[in-house]
Structure formats: C-alpha cells, structure tokens
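Undergrad: Taking our numbering as reference, the numbering of the sequence shown is continuous, increasing by one, and the terminal residue is 486.
Sharing a structure, written as structure tokens. Questions coming.
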Amino acid sequence: MKVLFVLQYPGYLRYFDSALELLCQRGHRVAVAFDQPHKQAEGLAALDKIDGTVEVLDPVPPRRDIWGPVARGVRGTIDYARYLHPRFKHSPYLRDRMRKILPRLTRGLGRWTTTTAERTSGLIRLLQVCERAVPSNSTLETYLRRVNPDVLVVSPLVTDQCPQVDLIKAARQVGVRSALCVASWDHLTTKGLMRIQPDLVAVWNHDQRQEALDFHGAEDDRIVVTGAQCFDRWFDRRPRRSRDEFCRHVGLRPDRLFV
C-alpha cells in the first residue's frame, strides 16, 4: 500500500518518524510532502535515522483559483468563532491569536470576546455551510492522481486557515481515503477547527477522543485511539546504568530520593 503523509512543514516529522519507520518495515511505500517545505527544514534530518526508504515529494501546490481567498476567509472566521464559546471566556491569548487572521469582511466579529454557546454553535454551523460550498480544487486533484496514494494522511489540519482542508476535499473527489493524525497533545483544544471530516481521525487517548467529539463534531465511528505515536520509541529503550551507577556518575547520593 502507498501511504502519502502531507505535513505542514518538516518540523512535524519529529511527531511521526517512528510511525513512518514502522510502515516501511511492514512493506508499505511511504511518501511525504509539505505545505511549507522551507520552514524548519532541519526537521528532514529525522528521515536519515529511519530504517527504511521514505520518498520526499515536491511541495503540495497551493490553491490559486478564485475560491482560494474565499476558503481562507471562511476558515479564518471559523477558527476565531470557536473561541467565542463561553468555555474559552478566560482564554484571551487563544482568541487574540485567531483575531489576527480574520478577513476584512468579518473583522467586526473581532470586537466580540464571548457569546452564548447557542450563538457560537449557530455561527459555526453557518460558516460550515459556507465551507461546504467551496468546491474541490482541480490542481490538488491532479496532484493526488499523479502521486496516486492508496491513503492520504494529513497533519495538523487544525492550524489557522489550514490548506490541508482542500487536500481532504480533493481526496474525496478522486476516491482516495483520508486520515488526520493528531500530532500533539493540545492540537484539538488550542488551534482551529477541523472544518471537514476525514475518513479517520487518529487521536492519542480517550481525552482527545472526547475533544474531537465535543469541539470538532467528529463522528464517533471515525475516531481511533492509537496512543501518542511520537513516544513510541521509548518502549524499546532500556537504561544503560543502574540507579546507583547513575547517581555516582552525576554526583548524587543514591540513598536519597530525587525528581
């Protein structure tokens, strides 16, 4: 099976290097591509440590049609609107960060700091209707047909105005199954919304499962709890020294407890 990982930038490889390696070891063909290949480019060094071959593809082409600005505006507004919910009333940093990406047409919304849960939900539903009206992009469809993956995996999907939404739409259009792999512990609570539902959402734990349900409206049967993939490598590690040897090495008393 050919698996295409599309990550926002190379720094995200540190979250998925062990998963990429395991896929290679199990005989799958693995390719990665980036939305922003020059950001944290040093992250590509993670591929040198992988026991297997991971193909690095050309950058994912940006959306340049007339719908591009519309899509970014709608997504930026959704990302701000979620922080109007009363649960985020005391989270000014998160709200202020998203206020900066509001498009001119909805900038007046930035004067709001909170509203009722019902109004927030209604506003988000309206914006999601607008999102669904944005069609798939033919350039991205062509890109996926050329790469020809069996599965598309994206991350993070939830950053502000994330273009990976368009990639999920294109995957649907060309018949490629899609998945979101949540990269970090706080991505479902401190970023934007999913805005679109992939075929599968892989989360770290049951807390994130609930966050995907409550905050992002994910469908329960599409969520899979996989564990925190970026910590997989710790299961194979063993200490090289005993506790007493370590204490002597760093000048600590082995008869005393320490953190």
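Beta carbons are placed, not taken as given, at the ideal position from N, Cα and C, and that holds for glycine.
1) Go ahead and pull the three-state DSSP assignment for Cys389.
2) Taking buried to mean at least 16 other C-beta atoms within 10 Å of its own C-beta, is Gln252 buried or exposed?
3) Per DSSP, which residues does Ile293 bridge with? Please list them.
4) Short of 8 Å in beta carbon distance, which residues of its chain neighbour Ala258, apart from the five on each side in sequence? Order them along the chain.
5) Excluding the 5 residues flanking Lys276 on each side, which residues of the same chain have their C-beta closer than 8 Å to its C-beta?
6) With Ala439 as the anchor, note down where its beta strand (DSSP E) starts and where it stops.
7) Does Thr304 pass the burial test, meaning 16 or more other C-beta atoms within 10 Å, or should it be called exposed?
8) Where does Gln435 land, buried or exposed, given buried means 16+ other C-beta within 10 angstroms?
9) Measuring only the C-alpha atoms, how far is Asp292 from Thr343?
10) Tell whether a beta-carbon distance below 8 Å holds between Gly419 and Val380.
11) Using 8 Å as the threshold, is the C-beta distance between Pro425 and Ile395 below it?
12) Between the alpha carbons of Leu512 and Val486, how many angstroms are there, rounded?
13) Determine, using beta carbons only, whether Cys457 and Arg241 come nearer to each other than 8 Å.
14) Identify whether Phe261 lies in helix, strand or coil by the three-state DSSP scheme.
15) Quick check on DSSP: helix, strand or coil for Phe315?
16) Could you check what DSSP says for Ser411 in three-state terms: helix, strand or coil?
17) DSSP on Glu282, reduced to helix/strand/coil?
18) If you draw a straight line from the C-alpha of Ile351 to the C-alpha of Asp441, how long is it?
19) Expressed to the nearest angstrom, what Euclidean distance is found between the alpha-carbon atoms of Arg290 and Val356?
20) Could you check how far apart the C-beta atoms of Leu354 and Ala298 are, in whole angstroms? I think they sit under 8 Å.
21) Counting only runs that start and end within the stretch 357-387, where is the alpha helix (DSSP H) found for 4 or more residues in a row?
22) In whole angstroms, give me the CA-to-CA distance for Glu446 and Thr341.
TA: Here's the rundown:
1) coil
2) exposed
3) For Ile293, which the question treats as bridged, DSSP gives no partner whatsoever.
4) Lys229, Val230, Leu231, Phe232, Val281, Glu282, Val283, Leu284, Val374 and Pro376
5) Asp244
6) Counting along the chain, Ala439 falls outside any beta strand (DSSP E), though it belongs to the alpha helix (DSSP H) covering His433 to His443.
7) buried
8) buried
9) 36 Å
10) no
11) yes
12) This structure leaves residue 512 out entirely; the chain is present only between 228 and 486.
13) yes
14) strand
15) helix
16) coil
17) strand
18) 13 Å
19) 20 Å
20) Not confirmed; about 11 Å, so no contact.
21) 365-374
22) 27 Å
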